[in-house]
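Trainee: Got a structure for you, written out below as structure tokens; questions coming shortly.
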Amino acid sequence: MEKMRVEGRIWKFGDDVDTDVIIPARYLNVSDEAELAKNCFADIRPGFATDVAAGDILVAGKNFGCGSSREHAPLAIKAAGIRVIIAESFARIFYRNAFNIGLPLLESVEASLGLSDGDKAVVDLAAGMIEGAGGVFPARPIPDFMAQLIAAGGLVEYVREVKIGR
Amino acid sequence: MLMTITEKILAAHAGRDRVSPGDLIEAKVDVALANDITAPLAIKVFGEIGVEKVFDIDRVVLVADHFVPNKDIASAQQVKLVREFAREQGLTNYFEGGESGVEHVILPEKGLVLPGQLIIGADSHTCTYGALGAFSTGVGSTDLGAVMATGEIWLKVPPTILLRYEGTLRPHVGGKDLILHTIGLLGVEGALYCAMEFSGSVIRKLPMHQRFTMSNMAIEAGGKNGIIEADETTLGYLAERTSARFEIFRSDPDAHYDRVIDIDVSGIEPQVAFPHLPSNVRPVSEAGDVPIDQVVIGSCTNGWLEDLRDAARVLKGRKASPGLRLIVMPGSPLIYKTAMQEGILETFLEAGAVIGPPCCGPCLGGHMGILASGERAVATTNRNFIGRMGHPESEVYLANPLVAAASAVLGRIGGPDEL
Ligand code: SF4
Numbered sequence: 014m015e016k017m018r019v020e021g022r023i024w025k026f027g028d029d030v031d032t033d034v035i036i037p038a039r040y041l042n043v044s045d046e047a048e049l050a051k052n053c054f055a056d057i058r059p060g061f062a063t064d065v066a067a068g069d070i071l072v073a074g075k076n077f078g079c080g081s082s083r084e085h086a087p088l089a090i091k092a093a094g095i096r097v098i099i100a101e102s103f104a105r106i107f108y109r110n111a112f113n114i115g116l117p118l119l120e121s122v123e124a125s126l127g128l129s130d131g132d133k134a135v136v137d138l139a140a141g142m143i144e145g146a147g148g149v150f151p152a153r154p155i156p157d158f159m160a161q162l163i164a165a166g167g168l169v170e171y172v173r174e175v176k177i178g179r
Numbered sequence: 008m009l010m011t012i013t014e015k016i017l018a019a020h021a022g023r024d025r026v027s028p029g030d031l032i033e034a035k036v037d038v039a040l041a042n043d044i045t046a047p048l049a050i051k052v053f054g055e056i057g058v059e060k061v062f063d064i065d066r067v068v069l070v071a072d073h074f075v076p077n078k079d080i081a082s083a084q085q086v087k088l089v090r091e092f093a094r095e096q097g098l099t100n101y102f103e104g105g106e107s108g109v110e111h112v113i114l115p116e117k118g119l120v121l122p123g124q125l126i127i128g129a130d131s132h133t134c135t136y137g138a139l140g141a142f143s144t145g146v147g148s149t150d151l152g153a154v155m156a157t158g159e160i161w162l163k164v165p166p167t168i169l170l171r172y173e174g175t176l177r178p179h180v181g182g183k184d185l186i187l188h189t190i191g192l193l194g195v196e197g198a199l200y201c202a203m204e205f206s207g208s209v210i211r212k213l214p215m216h217q218r219f220t221m222s223n224m225a226i227e228a229g230g231k232n233g234i235i236e237a238d239e240t241t242l243g244y245l246a247e248r249t250s251a252r253f254e255i256f257r258s259d260p261d262a263h264y265d266r267v268i269d270i271d272v273s274g275i276e277p278q279v280a281f282p283h284l285p286s287n288v289r290p291v292s293e294a295g296d297v298p299i300d301q302v303v304i305g306s307c308t309n310g311w312l313e314d315l316r317d318a319a320r321v322l323k324g325r326k327a328s329p330g331l332r333l334i335v336m337p338g339s340p341l342i343y344k345t346a347m348q349e350g351i352l353e354t355f356l357e358a359g360a361v362i363g364p365p366c367c368g369p370c371l372g373g374h375m376g377i378l379a380s381g382e383r384a385v386a387t388t389n390r391n392f393i394g395r396m397g398h399p400e401s402e403v404y405l406a407n408p409l410v411a412a413a414s415a416v417l418g419r420i421g422g423p424d425e426l
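So the protein lines, in turn, are chains R and F.
Okay, so the first sequence: first residue is 14 according to this note's numbering, each after it adds one.
Okay, so the second sequence: first residue is 8 according to this note's numbering, each after it adds one.
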């Protein structure tokens, strides 16, 4: 994997965070990542976009990323600096999109409950272990195919290498 | 090996005799769809992959419907990029301007989606075409870019939840109410990663447009697809639109389902989803006194001709409550024209409605009907998330077209019986 270890500040969110609040539709008239990142969580967490640092960790509850298929949502989160998202569960289109663009996701009920906003955490992606102030939490291992995507750097590289053979 | 309709379609497109839930497959795609928001990113990805031509110029469909007619310079640039790509590639199905409407209304109307197909769209409501007995699901732009390049996609075979609807529908209750009720029952992640298969005698009697409404909102329960076996109603609908050939798949009677849920529809009233989740449903009689500022009738959920007819029946000879903005958006130019010929548009105008062009408009808070802080709207659309239709402190209530029209007259949430 590109980067096996992530260390950073935790940004915590609740259940059912939908792509409309991750990046409101009025900002979708552009697809430049840096522009999108500026408006990430603009409505529900003003200040996120300016305060988040590269390497930070997003922690959420159930069904993270539900709603529209806009890939602008994981792109905005990734471009803002988040390196991994930990949640109880993810909406399926968001799940695909994140891995496709090389943003790893971990599913862990324990970590979602045990980690607090503002704390520091260390995440070992390969082992699926998360360590924070509240303890050490196991995550469901990333499925093989998804790990291949992350290792390749995303779906584009994967398709170029494996399907087209360039 | 017994299989569900979803498993059979996936197996056929993966070139396998059988598949089981959890299998990771590479499947051939029949139709790939993107819109003016998702296509620009998909086109960028397509460029990065580095193939010259899309896999099939007849099977890549691009629809400009979200921010059109272009709402600002940035949107115009995006649509321009999509238009130029469509021209360069020689795509046979690019829709813009007077040829365009809401993508999920346009594709069935033009006979571009068929039973038994595998359809992938960079739009979450691509699940709409499940109503025709196709496997149809939404993805993001990177996936779609890869599909445009290769004509294939990786998919995990989902477990299926069978939903059986029996009983007799009450007046003013239809597909929208059945699906809202179902989402209320399952919750917004109740069908996460799962196929939803709608069946039972109630579905068999449901007209095509209401089947589309149900499949359209499968994603609102987290579903991967929402499928209905093709029958006489489906064939009748298709016969008027295409002569293309297709294969019909059906679930084996003893296929394995992850869950089977029986729903007796006889007690279901028209439903209203309160802010800010589609699962937050109540019967309209328990809505209480909720004054509203705007009513939107349209979208890929309820922008069908029959939906407009329903709304017009309620509005005929009545007026929208003073100060309330009633916005009607026909789903396609053909629906617009037919509604005009039938005199429905006149009914809307006399009721004080603004009739918008066939596009997404205010559904996603794009333009042409944005809400201010504290404002409330009843909409026939599919999502009522925070800020979906405008200001983060505005509210959206989801309902069927009859309830939406009645609410416009009442100035508060209510059903046609209260008029
Ligand atoms: S009408 Fe609304 S839900 Fe349907 S495609 Fe357009 S924005 Fe999406």
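Note that beta-carbon positions come from the ideal geometry of N, C-alpha and C, so glycine has one too.
A quick note: this is a predicted structure, and the numbers were derived from the prediction, not measured.
Confirm the yes/no value for this check: CB of V68 (chain F), any heavy atom of ligand 1, distance under 6 Å.
Mentor: V68 (chain F): no, Cβ never under 6 Å from ligand 1.
Trainee: Which two residues bound the contiguous beta strand (DSSP E) that contains I304 (chain F)?
Mentor: Taken as a continuous stretch (DSSP letters only), the beta strand (DSSP E) holding I304 (chain F) covers 301-304.
Trainee: If you follow the beta strand (DSSP E) that V70 (chain F) is part of, which residue opens it and which one closes it?
Mentor: First-last of the beta strand (DSSP E) with V70 (chain F): 67-70.
Trainee: Can you tell me whether DSSP reads S44 (chain R) as helix, strand or coil?
Mentor: Coil, per DSSP.
Trainee: Considering only heavy atoms of ligand 1, does any lie closer than 6 Å to the CB of C367 (chain F)?
Mentor: Checking every heavy atom of ligand 1 against the Cβ of C367 (chain F), one is found closer than 6 Å.
Trainee: Could you compute how far the alpha carbon of Q124 (chain F) sits from the alpha carbon of G145 (chain R)?
Mentor: Cα to Cα, the separation comes out at about 47 Å.
Trainee: Just mark F112 (chain R) as buried or exposed, buried being the case when its beta carbon has 16 or more other beta carbons within 10 Å.
Mentor: With 16 or more other Cβ atoms within 10 Å, it is buried.
Trainee: Give me, in chain order, the residues of the same chain whose beta-carbon lies closer than 7 Å to that of A67 (chain R); leave out the 5 immediate sequence neighbours on both sides.
Mentor: G94.
Trainee: Within 7 Å (strictly less), CB to CB, does A46 (chain F) reach chain R?
Mentor: Chain R contact via Cβ: absent.
Trainee: With the cut-off set at 7 Å, would you say I234 (chain F) and E204 (chain F) are in Cβ contact?
Mentor: Taking 7 Å as the Cβ cut-off, I234 (chain F) and E204 (chain F) qualify as a contacting pair.
Trainee: Quick one, which residues of the stretch 388-408 of chain F are near chain R if we go by CB-CB under 7 Å, in chain order?
Mentor: For the stretch 388-408 of chain F, which is checked against every Cβ of chain R, the residues closer than 7 Å are R390, F392, I393, G394, R395, P399.
Trainee: Is the beta carbon of V385 (chain F) sitting closer than 7 Å to the one on I299 (chain F)?
Mentor: Going by C-beta atoms, V385 (chain F) is nearer than 7 Å to I299 (chain F).
Trainee: Using alpha carbons as the reference points, say which of F:A198, F:H132, F:T220, F:N391 lies closest to L284 (chain F).
Mentor: Closest option to L284 (chain F), Cα to Cα, is F:N391.
Trainee: Report the CB separation of P369 (chain F) from I334 (chain F) in whole angstroms; it is logged as a contact under 8 Å.
Mentor: 7 Å between Cβ atoms; contact.
Trainee: Please decide whether F158 (chain R) counts as near chain F, where near means a Cβ-Cβ distance under 7 Å.
Mentor: So yes, F158 (chain R) belongs to the interface.
Trainee: Using the C-alpha atoms, what's the distance from Y136 (chain F) back to T220 (chain F)?
Mentor: Rounded to whole angstroms, T220 (chain F) to Y136 (chain F) spans 10 Å at the Cα level.
Trainee: Confirm, please, whether the CB-CB distance from G174 (chain F) to L445 (chain F) is below 7 Å.
Mentor: Nothing can be reported for residue 445 (chain F), as the shown portion of chain F is limited to 8 through 426.
Trainee: If you pair each beta-carbon of the stretch 68-82 of chain R with each one of the stretch 28-35 of chain R, do three or more pairs fall below 8 Å?
Mentor: Touching, per the Cβ criterion.
Trainee: Which residue or residues does DSSP assign as beta-bridge partners of Y404 (chain F)?
Mentor: Note: Y404 (chain F) sits in a beta bridge opposite F:V385.
Trainee: Checking contacts by CB at 7 Å: is D56 (chain R) closer than that to chain F?
Mentor: Closer than 7 Å to some Cβ of chain F, the Cβ of D56 (chain R) qualifies, so yes.
Trainee: List the residues of chain R whose Cβ lies closer than 8 Å to the Cβ of E196 (chain F), in chain order.
Mentor: Ordered by position in chain R, the residues that pass the 8 Å Cβ test against E196 (chain F) are D29, K75, N76, C79, S102, A104.
Trainee: Return yes when the Cβ of S82 (chain F) is within less than 7 Å of the Cβ of N52 (chain R), no when it is not.
Mentor: No, the Cβ-Cβ distance between N52 (chain R) and S82 (chain F) is not below 7 Å.
Trainee: Is R83 (chain R) helix, strand or coil when you go by DSSP?
Mentor: Three-state result, R83 (chain R): coil.
Trainee: Along the chain, which unbroken stretches of the beta strand (DSSP E) at least 3 residues long are found entirely within the stretch 261-333 of chain F?
Mentor: With a minimum length of 3 residues, the continuous beta strand (DSSP E) runs that stay inside the stretch 261-333 of chain F are 266-271, 278-280, 288-290, 301-304.
Trainee: Where does I163 (chain R) land, buried or exposed, given buried means 16+ other C-beta within 10 angstroms?
Mentor: With 16 or more Cβ atoms within 10 Å of its Cβ, I163 (chain R) is classed as buried.
Trainee: Can you round the beta-carbon distance between I32 (chain F) and L48 (chain F) to whole angstroms, since I take them to be within the 8 Å contact cut?
Mentor: Actually they are not in contact, since the Cβ atoms of I32 (chain F) and L48 (chain F) sit about 25 Å apart, beyond 8 Å.
Trainee: Determine, using beta-carbon pairs with one atom in the stretch 249-269 of chain F and one in the stretch 86-96 of chain F, whether at least three such pairs fall under 8 Å.
Mentor: Segments in contact, no.
Trainee: What first and last residue would you give for the beta strand (DSSP E) that runs through A73 (chain R)?
Mentor: Here the beta strand (DSSP E) through A73 (chain R) covers 70-73.
Trainee: What are the boundary residues of the beta strand (DSSP E) that I420 (chain F) is part of?
Mentor: It is not in any beta strand (DSSP E) - I420 (chain F) carries neither H nor E in the DSSP assignment.
Trainee: How about the stretch 39-59 of chain F and the stretch 82-98 of chain R: do they share at least three Cβ pairs that are nearer than 8 Å?
Mentor: Yes, they touch.
Trainee: Suppose only complete runs of 4+ residues qualify. What are the alpha helix (DSSP H) ranges in the stretch 92-157 of chain R, listed by chain order?
Mentor: List check, alpha helix (DSSP H) in window: 105-113, 122-127.
Trainee: Closest to R257 (chain F) by CA distance: which of F:I275, F:E236, F:L245, F:Y244 is it?
Mentor: Taking only the C-alpha atoms, the option nearest R257 (chain F) is F:E236.
Trainee: Kindly examine ligand 1 and report whether one of its heavy atoms sits closer than 6 Å to the Cβ of V109 (chain F).
Mentor: Yes, the beta carbon of V109 (chain F) sits closer than 6 Å to at least one heavy atom of ligand 1.
Trainee: For I114 (chain R), would you say it is in contact with chain F, using Cβ-to-Cβ distances shorter than 7 Å as the test?
Mentor: So, interface residue.
Trainee: Return helix, strand or coil for A237 (chain F), following the three-state DSSP convention.
Mentor: Coil.
Trainee: For N52 (chain R), would you say it is in contact with chain F, using Cβ-to-Cβ distances shorter than 7 Å as the test?
Mentor: Taking Cβ atoms only, chain F never reaches closer than 7 Å to N52 (chain R), which makes this a no.
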